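K.L.:
Protein chains in written order, with the numbering used here: chain G, 1 to 304; chain C, 1 to 490. From the three backbone atoms N, C-alpha and C, an ideal C-beta is built for every residue, glycine too. Remember, predicted model here, so these are calculated numbers, not experimental data.
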Ligand SMILES: Nc1ncnc2c1ncn2[C@@H]1O[C@H](COP(=O)(O)OP(=O)(O)O)[C@@H](O)[C@H]1O
Ligand SMILES: [Mg+2]
């Protein structure tokens, strides 16, 4: 097997005048959860569907599991599991029937086992049309998983789910990693990226701004650690001295932003020793995204 | 193969569990067959005499008048110029004869007991008189009266004036009853039969619509089809129905029984009319020793053909565009399934559905209505070809049209007119001639005609041309289907 599970080089896709993705390059390592994160219309689905051989790229190269996406379509389709965006399947078949259908299509036998694994057992005999969003997602992951493929593509698997269902889906996806699957995930939820992925690529307007591990991203673009303390027992002086920037949102409190984590750690210890009233806020993907895109993503995935 | 079979099973199941799907492709045709096939009822042993005068004679072409005479076509007395023209052709018309308009391009002249029919066409006016033969339908109606075994039918000559006849001759006593079948009986009855059939279709849909709980999109689909049928129903409305006149004397004790029996026959006849083949075909088929086409015989193959057609053009178009819209198709495309798997699974599903439908319809036809059907390999082959052909049309439409509503609309807009124009439900000869020419370019026409030849007339050789036409049509659409169905960049 190739060193990288997915290799993408200078991939471009135009729909008429619209350039959906514009010369993107990245690679995905074996066994990792890789997130492609960006607002609606950024080109996530286009990228995923080119890799799934559902779309022909306008130019550029890509290999999936060592196979050329232009020449070895069937080989790729046999070795990947897919859950399309807004996933749907035969409405009036039951959850079980749909998963069995997928197993038959991939010529695999493990449907029963997968049904238990993805938590579909308790509603396996309900029709797909009668399932809740979270249940449908489970069926979708199940249908991708019965392929027994080493690589899974999940295009916005948690969009539109309630928080509870989203968390359940997350733990399911984490389980995939334990099964040694490589997962290619797209999302516009920063929390999801942090929670699940090893590495992420940030895509905006068809252009990948950066690809790196989550901790590197946060460290480089997260804008540091925020420490807030009451103005007492010398906390004010300590923060002003060590931090890179100070803001005061409350007349009794003050917040310092620390670019250097080590410095932040030391300051925090000193504050604790003085028994100050302290709260800490670590930067996350939200801040990374803000830095890279100049805006935040709403719940619906719009750049604001 | 396993892929194909599982997909095929999934399509079948998904169809079978759809209420509106099963209704339209299966229950509806079966119900229409049942309703269309109500036949003659009870029998009694006592016989009562009834005199029948049949005035519904076959019209006979006499001569044509020049187009110039069109200007003399007017209600009232017959213009002198017109009378002279008739005179030249050896037909004398008295000055007190009257002319009246009877249809769009038809007129009649009544001159005492003589009658002339005038038909305008592009270049001339054709003149008809009455021949000596009674029309096929009026004859059948008389036969129907005879069959009741309640009535002993005595034929009255046409030159007898019925009212005077009874007044003069007292020896008839109790049996002074007469039924007069008036001129135009066949024509009006056939017109009416079309209207009646449409009404049955409408009623069936309405009743089902009320009892079935459907979801929103099913309901929408249903309403759209109902409107389609309503529109056609309005077009087939003719108004006048065929009339028979029953004369009984005042003191006749059994008059109510006679009336009831005649009424029953009229009623049954009306229902039966819904499947009676036109006279020309019947006479023709008798003369060359074929079976008569009556009732269920006629519309069994018609209904089968029509519904295989709609299952393909409406059903497949709708489901494929829906699978496209809701992402089920994308789900399938991203697996190792091939385009061929997909197309053949759909075709296989339609074929199975077509065989199932044919099986149930034929079974009902044979068991309930005693139709003599000859199911054979030719019939299976022809049904297979038809199912493939019409399913391919559905795949093409579903592949071409992105929007689900538009796809459903297109399916309905093609299938419904085809269904009603092709003569699958009523004799084609009843329809205006331009519609008849339209029918002959419709694939459904050849499909049901061919099926009739094979299944009912037991004459597979008569189905060769229809079979070839449907095969070529099927191959063309099959090729189009593979071209139009996108397996990438959809
Ligand atoms: N089939 C298509 N035809 C034309 N434009 C498209 C098509 N699919 C996507 N696009 C456009 O390409 C861009 C990227 O879309 P997409 O890949 O779906 O983004 P995302 O998945 O990140 O929301 C958008 O501007 C979208 O409008
Ligand atoms: Mg998308």
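Taking the beta strand (DSSP E) that residue 286(G) falls in, what are its first and last residues?
P.N.:
Careful: residue 286(G) lies outside any beta strand (DSSP E), inside the alpha helix (DSSP H) at 285-293.
K.L.:
Around the C-beta of residue 52(C), are 16 or more other C-beta atoms found within 10 angstroms, so that it is buried, or is it exposed?
P.N.:
Flag for residue 52(C) reads buried.
K.L.:
Taking residue 3(C) as the query, report the chain G residues whose CB atoms sit under 9 Å from its CB, ordered along the chain.
P.N.:
104, 105, 106 and 107
K.L.:
Please name the residue or residues paired with residue 4(G) in a DSSP beta bridge.
P.N.:
29(G)
K.L.:
Is the shortest distance between the beta-carbon of residue 112(G) and the beta-carbons of chain C less than 7 Å?
P.N.:
no
K.L.:
Within the 7 Å Cβ cut-off, does residue 8(C) reach chain G?
P.N.:
no
K.L.:
So which residues on chain C does residue 82(G) lean against when the C-beta distance must stay under 7 Å?
P.N.:
334
K.L.:
Run through chain G and tell me which residues come within less than 7 Å of residue 327(C), C-beta to C-beta.
P.N.:
84, 86, 87 and 88
K.L.:
Give a yes or no on whether the C-beta atoms belonging to residue 13(G) and residue 45(G) are separated by under 7 Å.
P.N.:
no
K.L.:
Is residue 77(G) close to chain C? Criterion is C-beta to C-beta, closer than 7 Å.
P.N.:
True, the Cβ-Cβ gap to chain C drops below 7 Å.
K.L.:
Entirely within the region 389-473 of chain C and at least 3 residues each: give me those beta strand (DSSP E) ranges in chain order.
P.N.:
none
K.L.:
Should residue 350(C) be listed as close to ligand 2, given that the test is whether its C-beta is under 6 Å from any heavy atom?
P.N.:
no
K.L.:
Where the beta carbon is closer than 6 Å to any heavy atom of ligand 1, which residues qualify, in chain order?
P.N.:
Here the list is 15(G), 18(G), 20(G), 38(G), 40(G), 41(G), 42(G), 43(G), 44(G), 45(G) and 46(G).
K.L.:
On a CA-only basis, which of 148(G), 289(G) and 265(G) is nearest residue 306(G)? Give me that one, please.
P.N.:
There is simply no residue 306(G) to check, as chain G begins at 1 and stops at 304 in what is shown.
K.L.:
In the structure shown, what three-state DSSP assignment does residue 23(G) receive?
P.N.:
strand
K.L.:
Going by CA-CA distance only, name the one from 269(G), 123(G) and 76(G) that's closest to residue 333(C).
P.N.:
76(G)
K.L.:
Using DSSP with H/G/I as helix, E/B as strand and the rest coil, what is residue 17(C)?
P.N.:
Per DSSP, reduced to three states, the secondary structure at residue 17(C) is coil, with no helix or strand assignment.
K.L.:
Answer with yes or no whether the minimum CB distance from residue 488(C) to chain G is below 7 Å.
P.N.:
Yes, contact with chain G.
K.L.:
Any beta-carbon of chain G closer than 7 Å to the one on residue 337(C)?
P.N.:
Cβ-Cβ to chain G under 7 Å: yes for residue 337(C).
K.L.:
To the nearest angstrom, report how far apart residue 132(C) and residue 57(C) are at their CA atoms.
P.N.:
7 Å
K.L.:
Using the three-state DSSP reduction, which class does residue 65(C) fall into: helix, strand or coil?
P.N.:
strand
K.L.:
I think residue 455(C) touches residue 373(C), with their Cβ atoms under 8 Å apart; what is that distance to the nearest whole Å?
P.N.:
5 Å
K.L.:
Between the region 407-416 of chain C and the region 337-355 of chain C, are three or more C-beta pairs nearer than 8 Å?
P.N.:
no
K.L.:
Pick helix, strand or coil for residue 108(C), following the three-state DSSP scheme.
P.N.:
Strand, per DSSP.
K.L.:
Taking Cβ-Cβ distances below 7 Å as the criterion, which residues of the region 42-76 of chain G are in contact with chain C?
P.N.:
Taken in chain order, the members of the region 42-76 of chain G whose beta-carbon sits within less than 7 Å of a beta-carbon on chain C are 52, 54, 55, 56 and 74.
K.L.:
Around the Cβ of residue 311(C), are there at least 16 other Cβ atoms within 10 angstroms (buried) or fewer (exposed)?
P.N.:
Buried, because 16 or more other Cβ atoms sit within 10 Å of the Cβ of residue 311(C).
K.L.:
Could you confirm whether any beta carbon from chain C is found closer than 7 Å to the beta carbon of residue 145(G)?
P.N.:
no
K.L.:
DSSP puts residue 232(C) in a beta bridge; with which residues?
P.N.:
Its beta-bridge partners do not exist; DSSP assigns none.
K.L.:
If I'm right that residue 80(G) touches residue 153(G) with Cβ under 8 Å, what's the distance once you round it to whole angstroms?
P.N.:
6 Å
K.L.:
Going along chain C, which residues have a C-beta under 8 Å from residue 91(G)?
P.N.:
14, 326 and 328
K.L.:
Quick check on residue 351(C): buried or exposed, where buried means 16 or more other Cβ atoms within 10 Å of its Cβ?
P.N.:
By the 10 Å Cβ count, residue 351(C) comes out buried.
K.L.:
Only counting the same chain, and skipping five residues up and downstream in sequence, which positions put a Cβ closer than 6 Å to that of residue 463(C)?
P.N.:
So the qualifying residues of the chain are 450, 453 and 454.
K.L.:
DSSP state of residue 132(G), grouped into three classes?
P.N.:
coil
K.L.:
Determine the chain G residues that contact residue 18(C) at a beta-carbon separation under 7 Å, and present them in chain order.
P.N.:
Result: 92.
K.L.:
Can you have a look at residue 104(C) and say buried or exposed, based on whether 16 or more other CB atoms are within 10 angstroms of its CB?
P.N.:
exposed
K.L.:
Can you give the beta carbon distance from residue 478(C) to residue 390(C), rounded, assuming they're within the 8 Å contact cut?
P.N.:
So it is not a contact: roughly 11 Å between Cβ atoms.
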